[in-house]
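What follows is a short report on a single structure.
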Amino acid sequence: MNSTLDMHLFLNQWMFMPEIWIILGILLIVSDLLIGMTYILIPFGVASLFTAAFVKFNNSEFLFELSFENETIYRYLNLESWQEVLYCFAILSIISVLLLRLLTSKKSGEDDINQY
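Here the sequence shown is numbered in my numbering, starting from 3 and rising by one per residue.
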(Lines of atoms letter the chains of each structure in order from A and count residues from 1; the text may use other names and numbers.)
(Lines give C-alpha, C1' and ligand atoms only; values in the text may rest on other atoms or scores of the structure.)
Protein backbone atom coordinates (compact mmCIF):
# COMPACT_ATOMS: atom_id res chain seq x y z
CA MET A 1 0.00 0.00 0.00
CA ASN A 2 2.79 2.39 0.87
CA SER A 3 4.65 1.74 -2.39
CA THR A 4 1.55 2.65 -4.42
CA LEU A 5 1.27 5.96 -2.62
CA ASP A 6 4.97 6.58 -3.15
CA MET A 7 4.59 5.92 -6.88
CA HIS A 8 1.67 8.38 -7.15
CA LEU A 9 3.64 11.04 -5.30
CA PHE A 10 6.68 10.40 -7.49
CA LEU A 11 4.62 10.72 -10.69
CA ASN A 12 2.82 13.83 -9.42
CA GLN A 13 6.16 15.46 -8.68
CA TRP A 14 7.75 14.73 -12.07
CA MET A 15 4.75 15.13 -14.38
CA PHE A 16 4.17 18.72 -13.27
CA MET A 17 7.70 19.83 -14.15
CA PRO A 18 7.73 21.51 -17.58
CA GLU A 19 11.47 20.93 -17.87
CA ILE A 20 10.89 17.16 -18.04
CA TRP A 21 8.44 17.60 -20.92
CA ILE A 22 10.84 19.92 -22.76
CA ILE A 23 13.68 17.41 -22.43
CA LEU A 24 11.41 14.60 -23.62
CA GLY A 25 10.25 16.68 -26.59
CA ILE A 26 13.77 17.57 -27.67
CA LEU A 27 14.92 13.96 -27.28
CA LEU A 28 12.03 12.67 -29.39
CA ILE A 29 12.55 15.20 -32.18
CA VAL A 30 16.34 14.76 -32.29
CA SER A 31 16.10 10.97 -32.15
CA ASP A 32 13.62 10.98 -35.03
CA LEU A 33 15.95 13.12 -37.12
CA LEU A 34 19.08 11.12 -36.25
CA ILE A 35 17.58 7.66 -36.61
CA GLY A 36 15.58 8.54 -39.69
CA MET A 37 12.24 7.18 -38.59
CA THR A 38 10.44 9.13 -41.33
CA TYR A 39 8.64 11.57 -39.05
CA ILE A 40 7.17 9.06 -36.60
CA LEU A 41 8.45 10.61 -33.36
CA ILE A 42 8.26 14.29 -34.35
CA PRO A 43 4.53 14.70 -33.57
CA PHE A 44 5.08 13.18 -30.15
CA GLY A 45 7.98 15.54 -29.54
CA VAL A 46 5.87 18.51 -30.58
CA ALA A 47 3.05 17.30 -28.32
CA SER A 48 5.53 17.01 -25.47
CA LEU A 49 6.62 20.62 -25.99
CA PHE A 50 3.00 21.78 -26.00
CA THR A 51 2.38 19.72 -22.86
CA ALA A 52 5.30 21.56 -21.24
CA ALA A 53 3.66 24.86 -22.13
CA PHE A 54 0.32 23.67 -20.78
CA VAL A 55 1.89 22.48 -17.51
CA LYS A 56 3.72 25.81 -17.19
CA PHE A 57 0.42 27.61 -17.79
CA ASN A 58 -1.21 25.35 -15.19
CA ASN A 59 1.39 26.40 -12.60
CA SER A 60 1.00 30.12 -13.36
CA GLU A 61 -0.76 32.83 -11.41
CA PHE A 62 -3.07 33.56 -14.35
CA LEU A 63 -4.89 30.26 -13.95
CA PHE A 64 -5.30 30.91 -10.24
CA GLU A 65 -6.83 34.32 -10.94
CA LEU A 66 -9.08 32.76 -13.57
CA SER A 67 -10.57 30.50 -10.90
CA PHE A 68 -12.20 33.54 -9.31
CA GLU A 69 -13.55 34.95 -12.55
CA ASN A 70 -14.79 31.92 -14.47
CA GLU A 71 -15.00 28.63 -12.62
CA THR A 72 -16.13 26.58 -15.64
CA ILE A 73 -13.05 27.40 -17.72
CA TYR A 74 -10.83 26.88 -14.69
CA ARG A 75 -12.30 23.43 -14.12
CA TYR A 76 -11.40 22.35 -17.67
CA LEU A 77 -7.94 23.90 -17.74
CA ASN A 78 -6.75 22.89 -14.29
CA LEU A 79 -4.67 19.72 -14.13
CA GLU A 80 -4.89 18.04 -10.75
CA SER A 81 -3.16 14.68 -11.16
CA TRP A 82 -0.51 13.00 -13.26
CA GLN A 83 -3.23 11.07 -15.12
CA GLU A 84 -4.72 14.32 -16.41
CA VAL A 85 -1.28 15.43 -17.62
CA LEU A 86 -0.92 12.17 -19.56
CA TYR A 87 -4.43 12.60 -21.00
CA CYS A 88 -3.40 16.09 -22.13
CA PHE A 89 -0.26 14.64 -23.74
CA ALA A 90 -2.30 11.92 -25.49
CA ILE A 91 -4.81 14.40 -26.89
CA LEU A 92 -2.05 16.75 -28.05
CA SER A 93 -0.24 13.79 -29.64
CA ILE A 94 -3.29 12.78 -31.63
CA ILE A 95 -3.84 16.37 -32.77
CA SER A 96 -0.19 16.81 -33.80
CA VAL A 97 -0.15 13.48 -35.67
CA LEU A 98 -3.26 14.49 -37.62
CA LEU A 99 -1.89 17.97 -38.38
CA LEU A 100 1.48 16.63 -39.53
CA ARG A 101 -0.31 14.05 -41.66
CA LEU A 102 -2.38 16.80 -43.31
CA LEU A 103 0.65 19.01 -43.88
CA THR A 104 2.86 16.30 -45.36
CA SER A 105 0.33 14.52 -47.55
CA LYS A 106 1.18 15.08 -51.19
CA LYS A 107 -1.65 15.94 -53.51
CA SER A 108 -0.67 15.28 -57.08
CA GLY A 109 -2.86 15.72 -60.09
CA GLU A 110 -1.84 12.52 -61.85
CA ASP A 111 -2.76 9.03 -60.76
CA ASP A 112 0.06 6.85 -59.53
CA ILE A 113 -0.20 3.08 -59.42
CA ASN A 114 2.00 2.99 -56.28
CA GLN A 115 -0.18 5.40 -54.29
CA TYR A 116 -2.72 3.61 -52.10
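C-beta atoms are modelled at their ideal positions from N, C-alpha and C, and glycine is treated no differently.
Quick one: give me the first and last residue of the alpha helix (DSSP H) that residue i is part of.
i   : result
M17 : 4-17
Grab me the residues of residue i's own chain with a C-beta within less than 8 Å of its C-beta, minus the 5 sequence neighbours each way, in chain order.
i   : result
N60 : F18, L79, N80, L81
K58 : P20
L30 : L43, I44, F46, G47, S50
L65 : F59, Y76, L79, N80
Helix, strand or coil: how does DSSP classify residue i here?
i    : result
L81  : coil
G123 : Residue 123 is absent from the structure shown; the chain starts at 3 and stops at 118.
G38  : coil
S129 : The structure shown does not extend to residue 129, since the chain spans only 3 to 118, so no value can be given for it.
S50  : helix
I22  : helix
I96  : helix
I115 : coil
N60  : helix
S33  : helix
L43  : coil
Sorted by chain position, which residues of the same chain lie with C-beta nearer than 7 Å to residue i's C-beta, five sequence neighbours on each side aside?
i   : result
P45 : S95, S98, V99, L102
N14 : S83, W84
Take residue i and list the residues in its own chain whose beta-carbon comes closer than 6 Å to its own, dropping the five residues that flank it on each side.
i   : result
I22 : W16
V87 : M17, L81
F52 : L94
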